[in-house]
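So the structure is just underneath, and the comments pick up after that.
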Amino acid sequence: MPRKPWITAGLVKSCNRKEKLYKCFIKDPNEVNKNRYKSYRNKLNTLLQKAEKAYYREKFDTFKTNIKHTWKLIRNILNRNRNEVLSDSFKINNSDVYDKSIIVEKFNEYFTNIGPSLANNIPDMADNPLSYMKGNYKESFMLFPTTDSEVINIVKEFKPKTSSGYDNIPTDILKLSINYIAPHLSTIINNSFITGCVPEALKIAKVYPVYKSGDKSNICNYRPISVLPSFSKIYEKLVYNRLINYLEKHSILNSCQFGFRSSRSTAMAVLEMTDKISEAIDKNQFSIGVFIDLSKAFDTLDHNILLNKLHYYGVRGNALSWFKSYLNNRKQYVHYNNYSSTYLPIRCGVPQGSILGPLLFLIYINDIVYVSDLISLILYADDTNIFLANRNLSQLINIINGELKLISHWFQINRLSLNVNKTNFIIFTSPQKKYDHNIVTDQISINGTLIKQVQSTKFLGVYLDQHLNWTTHIDSIIGKISKTCGILNKLKYRLPMTILLTIYQSLILPYLQYCAIVWANCSSTKLNSILILQKRAVRAICRIQRLVHSAPYFKNLQILTISDIYTLQVSQFMFKFLSNSLPENFSNYFIINSSVHSYNTRKSKDFHFLSARTLKRTISLRHNGPRIWNSLSIDIRSEKSYKLFSHKLKMSLVASYI
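Sequential numbering of the sequence shown, starting at 1332, is according to our numbering.
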């Protein structure tokens, strides 16, 4: 058997032939045998290298959008595979248990009790959870019947995964057979919509324990990964499409909700926060951001409260019965080391791994914005973030404490568990604006528990710091991509250039692109440390020496520098603004010169520059957006297609590299 997967049967024969020639040379080391052996060996090595490169080229192309599998391939090449060894025993009641049947039962008990145990710790409140809700929704939500073609189109969008739920039917098999079963399936689904009943077989979750950190023998150090039946995803996607259309049509979801919604990325949520911070700094104000942590929010959600909120928003009759059936009588079992536990009921929370779960959570938390008229809320799924600014720090702290009481009360009556120990806050100021730290010490609290003040915190994958200088975030990026640069250097002679470029695009570029529109407006000195690593990566991909000028190679590979990635993202944002494809949060970000004055000048269609007092505001998107857009050529700005606009601008930026 060949030791490497790219070695074919023909190459195995060639290896054996090489060994025979080598033995002949050892037995009779004359010049003829030596030359014969060396010539054959060199040709074989060339063929082996080509076979290896071709094999990994195909593999990397297959997994170029999957970072996990990309890293697995890289570790395989470098012989650094890490095989996770499952624990043979677990500590249960202070004793080592090896019986797998007992272990899976304990896992299932632990996972199913996480939500209810947290919910039981929340004190009962007499207030009605619906008391905060606003709006009058007379029109009702309807579960319109589906068709064969709609079912087929939905299944085609699923990823061809090989994992399966308790029914052992993976989505790749479902995709292959959907054209044949769609007529029968659509009939069954329509019957479910009419009767308001979800088949019980679709409400069983297969749960895998996945190790997090700490002692491997401790069940508490594992988290559940839930796999639902493949057919349940079809039901859920059909209902999801109808429900999200209804919510968008009636503008039910508030504008500060960014999670799980189209055209509302994490970058936009971070952008909303940083815009408020830079505005407060420009007005010479103190601003406080409170970053609230909820314990297992998706697992503690109360079904009765959710159903009442759905009814309030217009989900009534059979549609409401369908959601009630969807939430009730759900079960799960744990599968671990080829052993399966018995079924246990799920008493609260939305189904993990479901399509509908995140949207139902958005509906559940939607009315939190009506708790206060003073604070600004930015919500991304279960990430709840509060922002408030004021010139007087003592007054600001008093207001924040009062508003946190209202927020905490809302969480309690909605049966959500607030984790005060992981909640923190930052006081955002300019570096020149000093304040007495004793004013803040032991001042901000929730339910009598003090909140920790930090200088920086991770907000949706971006490190925000108290002065908005992005040093912490850039340091974290450098730490991540420098490792990949080293790997590229080790692989540059073993893999073709196309694969090395794929590794760059898979393991370096995502870190550079993620929210660059927010943080890459910092000083060129800070960005230069990232640019140096980009140059290292490009030199490794092109196999050139350390001191060779890299700009032509950036151009050949069509790789943008970090500053041009920022320029591209800002320009794309401006394009979306002009085409009215941004959320309403950003509708007043910019104004055109023609709306400020009536003079018909050649710059009347340019964006108007707003005045700013501080550098932080000057480099914000509100100011950099108009500056960058106005600097683009008319040919690029006049492009109507977003895709063509982005391509033209990228090619223009790349062409400037000399």
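C-beta atoms are modelled at their ideal positions from N, C-alpha and C, and glycine is treated no differently.
Query raised in the report: At what residue ranges does the region 1838 to 1892 contain a whole run of the alpha helix (DSSP H), taking only runs of 4 or more?
Result: 1840 to 1844, 1847 to 1850, 1855 to 1873, 1882 to 1888
Query raised in the report: Over what stretch of residues does the beta strand (DSSP E) that includes S1707 continue unbroken?
Result: As a first step, residue 1707 is located in the sequence shown; it is residue number 376 there, counting from the start. Note, S1707: beta strand (DSSP E), 1707 to 1711.
Query raised in the report: Could you give the residue range of the alpha helix (DSSP H) that holds H1581?
Result: As a first step, residue 1581 is located in the sequence shown; it is residue number 250 there, counting from the start. Looking at the DSSP string, H1581 is not in any alpha helix (DSSP H), and its letter there is neither H nor E.
Query raised in the report: Going along the chain, which unbroken runs of the alpha helix (DSSP H) with 4 or more residues stay wholly within the region 1388 to 1469?
Result: 1398 to 1408, 1431 to 1451
**Report entry** Extent of the continuous alpha helix (DSSP H) to which P1689 belongs
**Finding:** Translated into positions along the sequence shown, residue 1689 becomes position 358. 1687 to 1696 is the extent of the alpha helix (DSSP H) around P1689.
Requested in this report: Could you check the C-alpha separation between S1925 and K1936 for me, to the nearest Å?
Outcome: Locating residue 1925 in the sequence shown gives position 594, counting from the first residue. Locating residue 1936 in the sequence shown gives position 605, counting from the first residue. If you take the alpha carbons of S1925 and K1936, they lie about 6 Å apart.
Requested in this report: Mind reading off the beta-carbon distance from F1617 to N1721? Whole number of angstroms is fine, and I expect it under 8 Å.
Outcome: For this step, residue 1617 is matched to residue 286 along the sequence shown. For this step, residue 1721 is matched to residue 390 along the sequence shown. Rounded, the Cβ-Cβ distance is 6 Å, consistent with contact.
Report task. Taking the CB atoms as reference points, tell me whether L1843 and I1893 lie closer together than 7 Å. Result -> In the sequence shown, residue 1843 corresponds to position 512, counting from 1. In the sequence shown, residue 1893 corresponds to position 562, counting from 1. Yes, they are a contact pair.
**Report entry** For L1952 and H1939, the rounded distance between their alpha carbons
**Finding:** The residue labelled residue 1939 in the question sits at position 608 within the sequence shown. The residue labelled residue 1952 in the question sits at position 621 within the sequence shown. Distance between the alpha carbons of H1939 and L1952 is about 13 Å.
Requested in this report: Within its chain, find whatever has a CB closer than 7 Å to the CB of Q1903; leave out the 5 residues flanking it on each side and keep chain order.
Outcome: Here residue 1903 refers to the residue found at position 572 when the sequence shown is read from its first residue. Answer for Q1903: S1977, listed in chain order.
Query raised in the report: Three-state secondary structure (DSSP) at K1936?
Result: On the sequence shown, residue 1936 is found 605 positions in, with the first residue counted as 1. Of the three classes helix, strand and coil, the one that applies to K1936 here is coil, per DSSP.
**Report entry** Host beta strand (DSSP E) of T1631 (start-end)
**Finding:** Here residue 1631 is taken as the residue at index 300 of the sequence shown, counted from 1. Segment 1628 to 1631 is the alpha helix (DSSP H) holding T1631; no beta strand (DSSP E) there.
Query raised in the report: Would the region 1681 to 1690 and the region 1560 to 1573 be scored as touching if the rule is three or more Cβ pairs under 8 Å?
Result: yes
Query - Span of the alpha helix (DSSP H) around A1340 - result: Counted from its first residue, the sequence shown places residue 1340 at position 9. Start and end: 1340 to 1358.
Report task. Would you mind giving the Cβ-Cβ distance between G1620 and N1716, rounded to the nearest angstrom? I have them listed as a contact below 8 Å. Result -> Taking the sequence shown and counting its residues from 1, one reaches residue 1620 at position 289. Taking the sequence shown and counting its residues from 1, one reaches residue 1716 at position 385. Right, the Cβ-Cβ distance comes to about 6 Å (below 8 Å), so this counts as a contact.
Query raised in the report: According to DSSP, which residues form a beta bridge with D1714?
Result: For the purposes of this step, residue 1714 is taken as the residue at position 383 of the sequence shown. DSSP, once it has assigned bridges, lists Y1711 as partnering D1714.
**Report entry** Three-state secondary structure (DSSP) of S1544
**Finding:** Counted from its first residue, the sequence shown places residue 1544 at position 213. Of the three classes helix, strand and coil, the one that applies to S1544 here is coil, per DSSP.
Query - 8 Å contact criterion, which I1500 and S1420 should meet: CB distance rounded - result: Translated into positions along the sequence shown, residue 1500 becomes position 169. Translated into positions along the sequence shown, residue 1420 becomes position 89. Not a contact, Cβ separation roughly 33 Å.
**Report entry** Anticipated Cβ contact below 8 Å, N1639 with L1474, distance rounded
**Finding:** Taking the first residue of the sequence shown as position 1, residue 1639 is located at position 308. Taking the first residue of the sequence shown as position 1, residue 1474 is located at position 143. Rounded, the Cβ-Cβ distance is 19 Å, inconsistent with contact.
Query raised in the report: Is R1877 buried or exposed, if buried means 16 or more other CB atoms sit within 10 Å of its CB?
Result: Translated into positions along the sequence shown, residue 1877 becomes position 546. Under this definition R1877 is an exposed residue.
Query raised in the report: Pick from Q1900, K1979, K1971, F1524: whose alpha carbon is nearest that of N1955?
Result: Indexing the sequence shown from 1 puts residue 1955 at position 624. Checked all of Q1900, K1979, K1971, F1524; the closest Cα to N1955 is Q1900.
**Report entry** DSSP-derived helix/strand/coil call for T1825
**Finding:** In the sequence shown, residue 1825 corresponds to position 494, counting from 1. Per the sequence shown, the amino acid found at residue 1825 is Arg instead of Thr. Reduced to three states, the DSSP call for R1825 is coil.
Query raised in the report: Just the Cα atoms here: how many angstroms apart are S1703 and C1846?
Result: As a working mapping, residue 1703 is identified with position 372 in the sequence shown. As a working mapping, residue 1846 is identified with position 515 in the sequence shown. When rounded, the distance between both Cα atoms is 29 Å.
Requested in this report: Scan the region 1500 to 1583 and note each continuous beta strand (DSSP E) run of 3 residues or more that stays entirely inside, going in chain order.
Outcome: 1535 to 1542, 1553 to 1558
Report task. Counting only the same chain and skipping the five closest in sequence on each side, list residues whose C-beta sits under 7 Å from that of L1826. Result -> Against the sequence shown, residue 1826 aligns to sequence position 495. Answer for L1826: K1384, Y1387, listed in chain order.
Query - Given G1545 as reference, the closest of N1364, Y1988, S1418, N1778 once Cα atoms are compared - result: Within the sequence shown, numbered from 1, the residue matching residue 1545 stands at position 214. Here the closest residue by C-alpha is S1418.
Report task. Please go through the same chain and pick out, in chain order, the residues whose beta-carbon is closer than 8 Å to the beta-carbon of L1675, but skip the five residues on each side of it. Result -> Locating residue 1675 in the sequence shown gives position 344, where the first residue counts as 1. The residues are N1439, E1440, T1443, K1662, Q1663, Y1664.
Query raised in the report: For V1435, is the classification buried or exposed, using 16 other Cβ atoms within 10 angstroms of its Cβ as the cut-off for buried?
Result: Taking the sequence shown and counting its residues from 1, the one referred to as residue 1435 is at position 104. V1435 is buried by the Cβ-count criterion.
Query raised in the report: Which word fits E1915, buried or exposed, when buried means at least 16 other C-beta atoms lie within 10 angstroms of its C-beta?
Result: Numbered from its first residue, the sequence shown carries residue 1915 at position 584. So E1915 counts as exposed.
Query raised in the report: For T1898 versus I1989, is the C-beta spacing smaller than 7 Å?
Result: Counting from one through the sequence shown, the residue named residue 1898 turns up at place 567. Counting from one through the sequence shown, the residue named residue 1989 turns up at place 658. Their beta carbons are not under 7 Å apart, which means T1898 does not touch I1989 by this criterion.
Query - Same chain, Cβ closer than 7 Å to F1908, five either side skipped, listed in chain order - result: Numbered from its first residue, the sequence shown carries residue 1908 at position 577. Counting only Cβ-Cβ distances below 7 Å, and skipping sequence neighbours, we find F1917, Y1920, F1921.
Query - Cross-strand partners of S1618 (DSSP beta bridge) - result: By one-based count along the sequence shown, residue 1618 stands at place 287. DSSP lists A1720, F1759 as partners of S1618.
Query raised in the report: Between C1816 and A1882, is the Cβ-Cβ spacing less than 7 Å?
Result: Within the sequence shown, numbered from 1, the residue matching residue 1816 stands at position 485. Within the sequence shown, numbered from 1, the residue matching residue 1882 stands at position 551. No, the pair does not count as a contact, with Cβ atoms beyond the cut-off.
Requested in this report: Give the single residue among N1576, E1603, K1580 whose Cα lies nearest to the Cα of Q1588.
Outcome: Walking along the sequence shown from the start, residue 1588 turns up at place 257. Here the closest residue by C-alpha is E1603.
**Report entry** Limits of the unbroken beta strand (DSSP E) element including H1994
**Finding:** Absent from the model: residue 1994. The displayed extent of the chain is 1332 to 1989, so no value can be given.
**Report entry** Among A1536, I1453, E1531, E1350, the one whose alpha carbon lies nearest that of S1494
**Finding:** Your numbering for residue 1494 matches position 163 in the sequence shown. Of the candidates A1536, I1453, E1531, E1350, the one whose C-alpha sits nearest the C-alpha of S1494 is A1536.
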